[in-house]
Amino acid sequence: MPGVIIAVVVLGVLFLASSVRVVQQYERGVVFRLGRVRSKVREPGLTVLLPVADRMRKVNVQVITMPVPAQEGITKDNVTVRVDAVLYYRVVEPVRATVDVQNYAFAMLQVAQTSLRSIIGKSELDDLLSGREQLHRGLELMLESPALGWGVHIDRVEIKDVALPDSMKRSMARQAEADRERRARIITADGEFQAAAKLAEAAHTMSETPAAMQLRLLQTVVEVAAEKNSTLVLPFPVELLRFFENAAGRAGAAGAPQAAAAQAAAEAVAEPVAAEAGPAAVDQAPVAPALEARPDQPATLDRANLSEATGL
Numbered sequence: 005m006p007g008v009i010i011a012v013v014v015l016g017v018l019f020l021a022s023s024v025r026v027v028q029q030y031e032r033g034v035v036f037r038l039g040r041v042r043s044k045v046r047e048p049g050l051t052v053l054l055p056v057a058d059r060m061r062k063v064n065v066q067v068i069t070m071p072v073p074a075q076e077g078i079t080k081d082n083v084t085v086r087v088d089a090v091l092y093y094r095v096v097e098p099v100r101a102t103v104d105v106q107n108y109a110f111a112m113l114q115v116a117q118t119s120l121r122s123i124i125g126k127s128e129l130d131d132l133l134s135g136r137e138q139l140h141r142g143l144e145l146m147l148e149s150p151a152l153g154w155g156v157h158i159d160r161v162e163i164k165d166v167a168l169p170d171s172m173k174r175s176m177a178r179q180a181e182a183d184r185e186r187r188a189r190i191i192t193a194d195g196e197f198q199a200a201a202k203l204a205e206a207a208h209t210m211s212e213t214p215a216a217m218q219l220r221l222l223q224t225v226v227e228v229a230a231e232k233n234s235t236l237v238l239p240f241p242v243e244l245l246r247f248f249e250n251a252a253g254r255a256g257a258a259g260a261p262q263a264a265a266a267q268a269a270a271e272a273v274a275e276p277v278a279a280e281a282g283p284a285a286v287d288q289a290p291v292a293p294a295l296e297a298r299p300d301q302p303a304t305l306d307r308a309n310l311s312e313a314t315g316l
């Protein structure tokens, strides 16, 4: 009799051991009774199953972080890029995630890769680099459609990195450098414009008060003399330079008629002499020095002086 009792106790312990399961807080239990799924999901805690008849599969309902492998594609503006992303999702319907799809994790990975390649072909390079928020929403919408049928909720999708060819990186660097140089030139030109406007106002003020120019000149001399150097500042009025320029112009205008008269006289003397002596006897080369040597002589010369000058 005691042996029977011990045997019953042992069988009871084995029955409890085979029928009692513990579900963790981050898990949900999907029960299959004789191959048919039970609609009621077992919550976290201690749960009892029918021996031999029930089988339970635990499903993790935590947020799963899945890195999407880098996908290479051509953007809308014909630039070859390599983009990788990261996907955050969780199971909200354990029964559908267990029954409707064989391996929901692998299925989500494949859908994420194909959606990423599709979004690369529909986007431009600037969108991949700066407008990623719209791309994230587009990827999430593309993944949400199949995920709902599998009992999976997409929390977020983010593009992690965009790899560009080296030639494109150099082109973008040159473009950025040119843009910065353009902005620097615009800022410099704007500063020059403002400085010129202020100088024009200052000149207008000084023109109304002539003594202001003298005071500004003295202030400049004081600033230069304040430092310990050997610099000597001599103010030279611009009006004096203009006076010298006008005087030089008048002197040149007065000397021009005298030079023209001397040249005309030389030509008048050379023509009769060449007509009397003939082309073979007159050498015109010494005539010019003889005439140029006597600029103070009158325009008419007698034949003796002409023979002496020409050697005839």
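Throughout, the working numbering is defined as the position within the sequence shown, counted from one, plus 4.
Cβ coordinates follow ideal geometry from the N, Cα and C atoms, glycine included.
Where residue i falls: helix, strand or coil (DSSP)
i    : result
N64  : strand
Q179 : helix
V225 : helix
D170 : helix
N250 : helix
I10  : helix
P73  : strand
Y30  : coil
V87  : strand
D194 : helix
V105 : coil
S134 : coil
T213 : coil
S119 : helix
E128 : coil
Nearest to residue i (by Cα), restricted to the options the options
i    : options                   : result
P55  : R189, S119 and V24        : V24
L91  : A177, E148 and E185       : E148
K80  : L38, N107, A216 and G125  : G125
P71  : K202, L113, A188 and L168 : L113
A111 : G153, R136, L133 and R187 : G153
V83  : D58, K173, R186 and Q223  : K173
L133 : R160, L168 and Y108       : L168
D104 : T224, A151, E185 and V226 : A151
D159 : K44, T69, R42 and G39     : T69
R46  : Y30, A199 and E243        : Y30
Presumed contact (8 angstroms Cβ cut-off) between residue i and residue j, rounded CB distance
i    : j    : result
G155 : R100 : 3 angstroms
Q179 : Q117 : About 31 angstroms; that fails the 8 angstroms criterion.
V26  : L50  : 6 angstroms
T102 : V63  : 6 angstroms
P73  : R32  : Contact flag wrong, Cβ pair sits at about 29 angstroms.
L143 : S119 : 6 angstroms
L139 : S127 : 6 angstroms
V317 : L53  : As displayed, the chain neither begins before 5 nor continues past 316, which places residue 317 out of reach and without an answer.
P48  : Q28  : 6 angstroms
M210 : A216 : 4 angstroms
R40  : D58  : Contact flag wrong, Cβ pair sits at about 10 angstroms.
V96  : H157 : 5 angstroms
Beta-bridge partners of residue i, as assigned by DSSP
i    : result
T51  : R25
F36  : V41 and R59
V96  : Its beta-bridge partners do not exist; DSSP assigns none.
I163 : A89
I158 : Y93
R46  : G33
I317 : Within the shown structure, residues of the chain are numbered from 5 to 316, placing residue 317 beyond reach of any answer.
Short CB-CB distance (under 8 angstroms) between residue i and chain D
i    : result
G195 : Chain labels in this structure do not include chain D; a single protein chain is all it has.
* Indicate whether the contact test is met: 3 or more Cβ pairs, each with one atom in the region 157-167 and one in the region 79-94, closer than 8 angstroms. => Contact between the region 157-167 and the region 79-94 is present, because at least three Cβ pairs lie under 8 angstroms.
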